[in-house]
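Everything below concerns the one structure shown next.
In the UniProt record's numbering, the protein residues as written are 1 to 208.
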């Protein structure tokens, strides 16, 4: 555990993120839960906790600067809870909905929310296009769908001034060409995730 603590601490420092020790411990507890439940619920292809810290925790936390002024967020296709759960741990005032159509995964998410004591998280099970009772400031996803489909499937979830924060791997040249003309792609940032060894980009979009 000390080894993992140090890895997380070093990663946060490299990303210029200052988190209280209580939040850092909760992040590590989340990784422990992910590892514990993974064999039953097939939440991630990763098995090693060190890799989970870089590929899941630090990768998820690249979202933090992009939701600093938001009050509500929906993580679509949340799977094992990325980026929603790490974000919820670090932003206790941000109300987050974790949405996934896989009931096994939402069972894990419910369990994780209870065990981690996350009062700011709601878990929803079902298809995104059937979700009509909630509108949020930010809709995010990590490799849920191509940008065109992501927009089409989730547009109804944005409130009046809402925006999308799409977490992508390599620069999505082809996907950007297919973004509808009535959507403003207003920011694309290359992200640096310590020890990940792979490209990451954040694509911010809003309706025109």
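Cβ coordinates follow ideal geometry from the N, Cα and C atoms, glycine included.
As the structure is a computational prediction, the values presented were derived from the model and not from experiment.
- With a beta-carbon spacing of about 5 Å, residue 109 and residue 123 fall inside the 8 Å limit used to define contacts.
- Shown here, residue 65 sits in a helix according to DSSP, grouped into three states.
- Residue 183 and residue 11 have their alpha carbons spaced roughly 34 Å apart.
- Of the residues assessed, residue 66 falls on the buried side of the cut-off, its CB having 16 or more other CB atoms within 10 angstroms.
- By the neighbour-count criterion, in which 16 or more other beta carbons inside 10 Å mark a residue as buried, residue 89 falls on the buried side.
- When Cβ pairs closer than 8 Å are counted between the two stretches, the region 135-150 is seen to touch the region 163-172, the count reaching three or more.
- With fewer than 16 neighbouring CB atoms inside 10 Å of its own CB, residue 180 falls in the exposed class.
- Here residue 11 carries a helix assignment [DSSP, helix/strand/coil].
- Excluding five sequence positions before and after residue 41, the CB atoms of its chain that fall closer than 6 Å to its own CB belong to 104 and 108, given in chain order.
- In terms of Cβ geometry, residue 34 and residue 52 form a close pair [threshold 8 Å].
- In this structure, residue 83 lies near residue 63, with their beta-carbon atoms less than 8 Å apart.
- Across the set 92, 80, 93 and 117, the C-alpha of 80 shows the shortest separation from the C-alpha of residue 99.
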